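Heads up: the structure comes next, in structure tokens.
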Amino acid sequence: MDFTLKTYTQLLKTFLSNGYSLITYEMYRSGNVNDKFLIIRHDVDEIAYNALKMADVEKKLGVNATYYFRIVKQSNNPDIIRKIAEMGHEIGYHYEDLAFAKGDMELARKNFEENLAYFRTFYPVKTVCMHGSSSSKYDNREFWKKYNLEDFGLLGEPYLTTDFNKIFYFTDTGYAWDGGKYSVRDVVENKFGQKFHSSKQIMNAVKNGNFPQQSLMLAHTLWSDTFFQWMLLHLREFFRNNIKYMAQRNKFLNNIYASAVKAYWKR
Ligand SMILES: [Zn+2]
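For this note's numbering, count along the sequence shown from 1 and bump the result up by 80.
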């Protein structure tokens, strides 16, 4: 089974034993990095307690990763954020203020500032990362057309401050490393011409020296070792992605999808 904690452990070990430094996004932005590295970024979209399990795996391997938390209650669990910060991981803000403010820049800035201050009570947050808000017509990154990262004492935003010409980006969206067609906004142009489907393929490439030297991995925090949860999440992901995919092509479906998402993510 792929996308389990066991596979996750093997994946990290494979990078480690092949000379990669495993680093946080903040470390990458600080410029204090080797030639061969893997940035580990986690978007905690929901089921926050599962993030703790992944954080634990990393801690045991002596690895630090970046955890981006949302302000919604499915993600924002103070107890868990505190524990993950205590393990030495980086905490960042997974913002969606422009979508919540329905495009009102001033309101978005006010909320962004407040939410950032809240996350800074756990960790001196230096990087933030947009949440895709795929059902909203507002792209949260538009915020940066008006404001600057420096205005908020920030060093980085993966979509804006990563050199994708040098850094290979791969993500587990849809429980596959090549499920990018399901992403609405989380899209980065792939200049490497390399594609991987399973974690096994990635590990083989790393072992054979066929994997890019510098890369950014987005792993959502839904890797599970509980068979029942694994099954449920995979089924849900399958349906959700297909509905999302169809909704992008059908206005009526899109409206239904948008209201369902709104109801689910009540703050
Ligand atoms: Zn997200």
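Cβ coordinates follow ideal geometry from the N, Cα and C atoms, glycine included.
If you're wondering where the values come from, they're calculated on a predicted model, not measured in any experiment.
Could you tell me which of the options sits nearest to residue i, measuring between CA atoms?
i: Pro238; options: Lys139, Tyr105 and Thr84; result: Tyr105
i: Asn130; options: Phe244, Tyr147, Tyr108 and Tyr344; result: Tyr147
i: Thr207; options: Tyr198, Glu186, Ser216 and Leu229; result: Leu229
i: Ser213; options: Asn144, Thr94 and Arg150; result: Arg150
i: Thr251; options: Lys275, Leu240, Lys271 and Thr241; result: Lys275
i: Asn270; options: Gly289, Phe291, Phe244 and Val152; result: Phe244
i: Lys342; options: Asn284, Glu176 and Gly233; result: Glu176
i: Cys209; options: Ile171, Ala197, Lys225 and Lys217; result: Ile171
i: Asp184; options: Lys226, Arg162 and Ser155; result: Lys226
i: Asn290; options: Phe223, Gln281 and Asn157; result: Gln281
i: Leu92; options: Asn284, Arg329 and Ile336; result: Asn284
i: Phe199; options: Thr306, Asn157, Ala135 and Ala340; result: Asn157
i: Ile95; options: Thr301, Phe117 and Trp303; result: Per the sequence shown, residue 95 should be read as Phe rather than Ile. The shortest Cα separation from Phe95 among Thr301, Phe117 and Trp303 belongs to Phe117.
i: Lys217; options: Thr87, Ser339 and Val286; result: Ser339
i: Phe232; options: Arg221, Arg189, Asp219 and Asp258; result: Arg189
i: Thr242; options: Glu186, Ile164, Ser295 and Phe318; result: Ser295
i: Tyr344; options: Gln154, Gly142 and Val143; result: Gln154
Round the Cβ separation of residue i and residue j to the nearest angstrom and send it over; I've been treating them as touching at under 8 Å.
i: Ile160; j: Ala128; result: 5 Å
i: Gln120; j: Ala299; result: The question names Gln, but residue 120 is Ile in the sequence shown. Right, the Cβ-Cβ distance comes to about 7 Å (below 8 Å), so this counts as a contact.
i: Thr89; j: Val137; result: 5 Å
i: Asp125; j: Ser279; result: The Cβ separation is near 20 Å, so there is no contact.
i: Asn191; j: Ala179; result: No, Asn191 and Ala179 are not in contact; Cβ-Cβ is about 11 Å, not under 8 Å.
i: Phe248; j: Pro204; result: Not a contact, Cβ separation roughly 29 Å.
i: Leu85; j: Lys133; result: 6 Å
i: Val113; j: Ser97; result: Rounded, the Cβ-Cβ distance is 19 Å, inconsistent with contact.
i: His122; j: Ala145; result: 6 Å
i: Ala327; j: Asn334; result: 4 Å
i: Tyr255; j: His211; result: So it is not a contact: roughly 19 Å between Cβ atoms.
i: His169; j: Ala135; result: 6 Å
When we look at the beta-carbon of residue i and count the other beta-carbons within 10 Å, is it buried (16 or more) or exposed?
i: Gly273; result: exposed
i: Ser215; result: buried
i: Glu194; result: exposed
i: Glu166; result: exposed
i: Arg316; result: exposed
i: Asn46; result: Any property of residue 46 remains undetermined from this structure, which presents the chain solely from 81 to 347.
i: Tyr337; result: buried
Does residue i come within less than 7 Å of chain C when only Cβ atoms are used?
i: Leu132; result: This model lacks chain C altogether; it includes just one protein chain.
Anything with a beta carbon under 7 Å from a heavy atom of ligand 1 counts; list them all in chain order. Asp123, Asp125, Arg150, His174, His211 and Gly212
In chain order, which beta strand (DSSP E) runs of at least 3 residues are fully inside the segment 154-215? 170-175 and 208-210
4 or more residues per run - each alpha helix (DSSP H) lying fully within the segment 82-133: 85-97 and 105-110
Ignoring anything shorter than 4 residues, give me the alpha helix (DSSP H) runs that lie fully in the segment 267-292, in order along the chain. 279-287
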